[in-house]
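Note sheet for the following structure.
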Amino acid sequence: MNQNIFLEKQSILQKQATDVLSNLDLVNILSKYGEVKLVGSVALGLMTWPDIDIDLKSDSEINDKDYFEIMKHIFGQKNVKQLMLIDNRSSFEKNRPKSMYIGIIYNLDDVKWKIDVRYLNSADAWAEDDLKQIKSKLTEDKIKKILEIKTAFHNHPKYRKEFSGYDIYNAVLDKNISTPQEFSNYLKNSGVEL
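According to the numbering used here, the sequence shown is numbered sequentially starting from 1.
Rendered as structure tokens:
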């Protein structure tokens, strides 16, 4: 398959992500409660589906009052179709920091966007450091390979449960994995049966 198709799709999704954030005025709303950092595929330029990840870093203790105020502001926005709230301060998701999570489903031109907001202490906000390391290794060729593999696996039922986008990034950038089949073999060798 022509890998330029993945680059074109990434570019379109990046523009739409900017529109979603603008329509929701999300950065402005969240900035009242801490430092807003775009992380994940939006920050890396590695988008393959409508998904935005945001860390909201607080220098003080994260608290229920601010969390529910944030949720109230978001829920009142036009085209917000669903919110999911999860307290991850004492339990850990795979590859996720201790946080209070707000999952947003937002409709932009009949496309459902998933927006993940993690409200967390600055000490628990390690995604930004990961981004710097990943960005330092990206080349155009590696970007194309990552986009192809992410596209092949993003609907897999074990994605986000037993492996994540970071596993794809690490496989391509550190293990020289080049194709979806090679990534499948890599996962199998790592103990993840697909």
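Glycine residues also receive a C-beta, built at the ideal position from the N, C-alpha and C atoms.
Who are the Cβ neighbours of residue i in its own chain at under 8 angstroms, not counting the five residues just before and after it?
i, result
"P157", "none"
Quick one: what's got a C-beta closer than 6 angstroms to residue i's C-beta in the same chain, skipping five residues either side?
i, result
"W113", "V20, P50, Y106"
Considering only C-alpha positions, which residue in the set the options is nearest to residue i?
i, options, result
"H154", "I62, I12, I5, M47", "M47"
"R89", "A123, L7, L26", "A123"
"S99", "I149, V39, L120, R160", "L120"
"W41", "L13, L30, E35", "For the record, residue 41 in the displayed sequence is Ser; it is not Trp. Per the Cα distances, L13."
"L173", "S136, T18, A152, S31", "S136"
Taking the CB atoms as reference points, tell me whether residue i and residue j lie closer together than 8 angstroms.
i, j, result
"F6", "K144", "yes"
"D116", "D64", "no"
"I168", "I134", "no"
"G165", "K142", "no"
"I62", "V80", "no"
"L108", "Q3", "no"
"L194", "S178", "no"
Helix, strand or coil: how does DSSP classify residue i here?
i, result
"V39", "strand"
"G45", "coil"
"V20", "helix"
"L147", "helix"
"N28", "helix"
"Y101", "strand"
Note down, in chain order, each residue of its chain lying with its Cβ closer than 7 angstroms to the Cβ of residue i, except the 5 sequence neighbours on either side.
i, result
"D66", "Y33"
How do the segment 122-131 and the segment 52-61 stand: do at least 3 beta-carbon pairs fall below 8 angstroms, yes or no? Judged by Cβ distances under 8 angstroms, the segment 122-131 makes contact with the segment 52-61, as three or more pairs qualify.
Quick test of the definition: if touching needs 3 or more C-beta pairs under 8 angstroms, does the segment 64-74 touch the segment 24-32? Remark: three or more beta-carbon pairs, one from each stretch, lie closer than 8 angstroms, so the segment 64-74 and the segment 24-32 are flagged as touching.
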